[in-house]
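The structure appears below as structure tokens.
Numbering (this note's numbering), first residue to last: 1 to 247.
Here is the structure:
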């Protein structure tokens with residue numbers, strides 16, 4: 001038994017140190033946004049029951065038509081919610097896939113999954129600390145051909161309203177502000193946008209200062225020799241600053 005535990009610890013020591021859980025934020029948000037119509041429907045049904053009993057404000061005919069109307073609206077809202085939930089769950093699966101890949105990085109890396117600053121705007125999919133630098137990785141599990149043109153993003157010729165480029169840049173800026181507030185000034189942060197299930201023009205490219213890659217190429221991006229190295233003492237200090245954010 002002791003030998004097995006020793007072997008397990010030896011194996012763990014070969015790979016990245018991982019904190020946090022990937023995919024939790026999109027799962028929770030997906031459930032909330034998908035099923036909030038149920039709360040509205042329950043409130044409306046409660047109102048109708050109160051209107052009918054014990055001294056009815058509505059006739060039986062009016063009550064019947066109102067119930068039919070609310071049933072139709074409820075089915076429509078739940079159908080929309082189910083589609084939203086599917087999109088969020090797909091995003092969560094993408095984050096979990098990337099998290100598994102990151103867990104097998106060398107032991108010189110530290111991975112933070114699914115963290116959020118106490119007063120921040122963004123949920124961070126992944127933050128990485130390693131000898132090759134500090135990275136913010138945003139994962140998109142999209143189906144289709146992704147094309148970047150003039151700062152805009154299109155998937156199968158359809159323009160994406162909320163640019164993932166601006167999103168990951170905003171995340172990097174928020175992390176930079178947090179680190180500066182903790183006394184870590186001038187730490188270079190690389191923004192990485194990783195696509196799963198998508199077709200890219202190139203497996204690795206730079207778009208407006210953001211490294212865009214597919215899932216297969218992500219490890220190469222993070223361990224590449226062209227990245228700006230960061231001193232190990234600085235990385236350790238940053239790790240201690242991020243630890244309180246782990247849920």
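For every residue, glycine included, the Cβ atom is placed at its ideal position computed from N, Cα and C.
**Message:** Please classify residue 206 as buried or exposed, where buried requires at least 16 neighbouring CB atoms within 10 angstroms.
**Reply:** Counted from its first residue, the chain shown places residue 206 at position 206. The residue in question, residue 206, is exposed, as its Cβ has fewer than 16 Cβ neighbours within 10 Å.
**residue 208 - DSSP class collapsed to helix/strand/coil** = Locating residue 208 in the chain shown gives position 208, where the first residue counts as 1. DSSP places residue 208 in coil when its eight states are reduced to three.
**Request:** For the stretch 99-164, list the beta strand (DSSP E) runs that are entirely contained and at least 3 residues long, ordered along the chain.
**Result:** 110-116, 123-130, 133-149 and 152-155
**Cut-off 8 Å between Cβ atoms - residues of its own chain near residue 187, not counting five sequence neighbours on either side** = Mapped onto the chain shown, residue 187 falls at position 187. These residues qualify, in order along the chain: 134, 176, 179, 230, 234 and 238.
**Request:** Pick helix, strand or coil for residue 226, following the three-state DSSP scheme.
**Result:** Along the chain shown, one-based indexing puts residue 226 at 226. In this structure, residue 226 counts as coil in the three-state DSSP scheme.
**Prompt:** Which of helix, strand or coil does DSSP assign to residue 198?
**Reply:** As a working mapping, residue 198 is identified with position 198 in the chain shown. Strand at residue 198.
**Request:** State the beta-bridge partners of residue 299 as determined by DSSP.
**Result:** An answer regarding residue 299 cannot be provided, because it is not within the stretch 1 to 247 covered by the chain.
**Item:** Pairwise C-alpha distance: residue 93 and residue 24
**Value:** Locating residue 24 in the chain shown gives position 24, where the first residue counts as 1. Locating residue 93 in the chain shown gives position 93, where the first residue counts as 1. Cα-Cα distance, rounded: 10 Å.
**Request:** Measure the beta-carbon distance from residue 191 to residue 211 and round it to whole angstroms, keeping in mind my assumption that it falls under 8 Å.
**Result:** Counting from one through the chain shown, the residue named residue 191 turns up at place 191. Counting from one through the chain shown, the residue named residue 211 turns up at place 211. Indeed, because the Cβ distance is near 7 Å, the residues count as touching under 8 Å.
**Message:** Considering only heavy atoms of the ligand GDP, does any lie closer than 8 Å to the CB of residue 238?
**Reply:** The ligand GDP is absent from the structure shown, which contains no ligand whatsoever.
**Asked** In angstroms, rounded to a whole number, what distance separates the CA positions of residue 102 and residue 124?
**Response** Here the question's residue 102 lines up with position 102 in the chain shown. Here the question's residue 124 lines up with position 124 in the chain shown. Roughly 14 Å separates the two Cα atoms.
**Request:** Determine the direct distance from the alpha carbon of residue 167 to that of residue 7, and round the result to whole angstroms.
**Result:** Along the chain shown, one-based indexing puts residue 7 at 7. Along the chain shown, one-based indexing puts residue 167 at 167. Because residue 7 carries a pLDDT of 47, less than 50, the predicted location of this residue cannot be relied on, and the following value inherits that uncertainty. For residue 7 and residue 167, the distance between alpha carbons rounds to 41 Å.
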